[in-house]
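Going by UniProt numbering, the first residue of the sequence shown is number 1, and it counts up by one from there. Ideal Cβ positions, reconstructed from N, Cα and C, are used throughout, including at glycine. Here's the structure, in structure tokens; my notes come after.
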Amino acid sequence: MALLDDVKHELAAIETDLPAAKMAQASTMMRFAGGLRPVNNQAIIRAQFDSSEAAQWLQSTIGSYFQRESSIKQITRQAPNGKLIHYDLEVTRGATALALQAGLLDRRMKLVKGLPADIVSGNIAQIKAAWRGAFLARGAVSDPGKASYLEIVCPSHEAALALQGMARRLGVTAKARQLRSSERVTLKDPDSIERMLILMGAPRSAREWTGKRSDGEARGKANRLANFDDANMRRSAKAAAEAGEKVRQAFKILGDDIPDNLRAAGKLRLDHPDASLEELGRLADPPITKDAIAGRIRRLLQLADKTEKLHRS
């Protein structure tokens, strides 16, 4: 997951002076990482991140832009593959007011199911910031050399559709889908993934991802060619062994009644069981083509087969 960490590190380091973009990123991060919820008869905003830098960016923005206080707790739990560390950001005082400011609540005090309309229909800087916030909250990207994907787990179907529509405005095709009871937006085309990483603000990681992907594809092609060559060699060896056994049987059936040229071809096959037809042709005296050596061995086997049928009748 080193590449994913690099992407989130690069994205969390971005500072924008555009208030609308900053608000779009912060709002999307809160929406995708948790959101407004009741706890002990009190409304709080809770957002969970796997990146400490993402949590710190949001805490700083909530303080400087929204003028609200928040706290971050590090949560560690044991998992089958080792320890998992999350960073829980909470706003307990003024959470409802912050939700209104950030567009998590509408003017009727109802939770917004997707993303605020001001963000979805906002300018390109807001769209990029929203995608950046969504990725920092719930984004993942494939390791190079594996099946390519960039994916964001969404809090609702409406949020997934909003993210898909905003990707379209950026000229990138993304697909909203439901997988294992969760809503996701996924990019699978390598060029689209590279473009989205750059648009979100991670050009360095995009170059790293593209470079490693190209290396992986080259290694994969080399492995496929090597496997193809190995398979060919195995097939050739098997065919040569089978041909040698047939020649040996033909010699038993025919005895001394074999034309000299056919006997010589059969003997070459038995003496050089691993050699290709081309190599057998070069070993003949005088040398002949692989088609000629193949033809002589074929006529030897046909003669043996014909002789055996005559004896049976």
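Leaving aside the five residues before and after residue i along the sequence, list all residues of the same chain whose C-beta is less than 8 Å from its C-beta, in chain order.
i, result
"Ala13", "Glu53"
"Arg168", "Ala174"
"His272", "Glu279, Leu280 and Leu283"
"Asp191", "none"
"Leu197", "Val7, Val141, Leu150, Pro203, Ser205, Ala206 and Trp209"
"Arg184", "Glu151, Ile152, Val153, Cys154, Ala160, Ala176, Arg177 and Gln178"
"Leu225", "Its pLDDT being 47, under 50, Leu225 is placed unreliably by the model, and the measurement read from it follows with that caveat. Nothing listed; no residue qualifies."
Answer with buried or exposed for residue i, where buried requires no fewer than 16 other C-beta atoms within 10 angstroms of its C-beta.
i, result
"Lys221", "Unreliable positioning characterises Lys221 in this predicted model, as indicated by a pLDDT of 49, which lies under 50. A coordinate reading is not provided."
"Arg269", "buried"
"Gly82", "exposed"
"Arg132", "buried"
"Glu15", "exposed"
"Thr76", "exposed"
"Glu194", "buried"
"Leu111", "exposed"
"Lys128", "buried"
"Gln245", "Correcting the residue type first, residue 245 is Glu in the shown sequence and not Gln. Flag for Glu245 reads exposed."
"Asp17", "exposed"
"Leu310", "exposed"
"Pro116", "buried"
"Val39", "exposed"
When the Cα atoms are used, what is the spatial distance from residue i to residue j?
i, j, result
"Ala265", "Thr210", "55 Å"
"Glu158", "Ala134", "14 Å"
"Val153", "Met29", "12 Å"
"Leu277", "Ala241", "12 Å"
"Ala250", "Asp143", "57 Å"
"Gln178", "Gly114", "15 Å"
"Arg31", "Ala47", "8 Å"
"Ala304", "Ala292", "19 Å"
"Ser70", "Ala20", "21 Å"
"Phe66", "Ser60", "10 Å"
"Ser121", "Met166", "8 Å"
"Ala97", "Met109", "10 Å"
Just list the residues that DSSP pairs residue i with in beta bridges.
i, result
"Asp88", "Gln48 and Lys73"
"Leu105", "Leu111"
"Ser64", "Per DSSP, none; premise fails for Ser64."
By Cβ distance below 6 Å, which residues in the same chain neighbour residue i in space, the five residues on each side in sequence not counted?
i, result
"Ile288", "Gly281"
"Ile119", "Ala24, Gln126 and Ala130"
"Asp256", "none"
May I ask you to report which of helix, strand or coil DSSP gives residue i?
i, result
"Gly35", "strand"
"Gly255", "coil"
"Val153", "strand"
"Gly139", "strand"
In chain order, what residues of the same chain lie with their CB nearer than 7 Å to the CB of residue i, ignoring the 5 residues before and after it?
i, result
"Asp50", "His86"
"Gln74", "Ile85 and Tyr87"
"Ile297", "Ala243, Val247, Ala265, Gly266 and Arg269"
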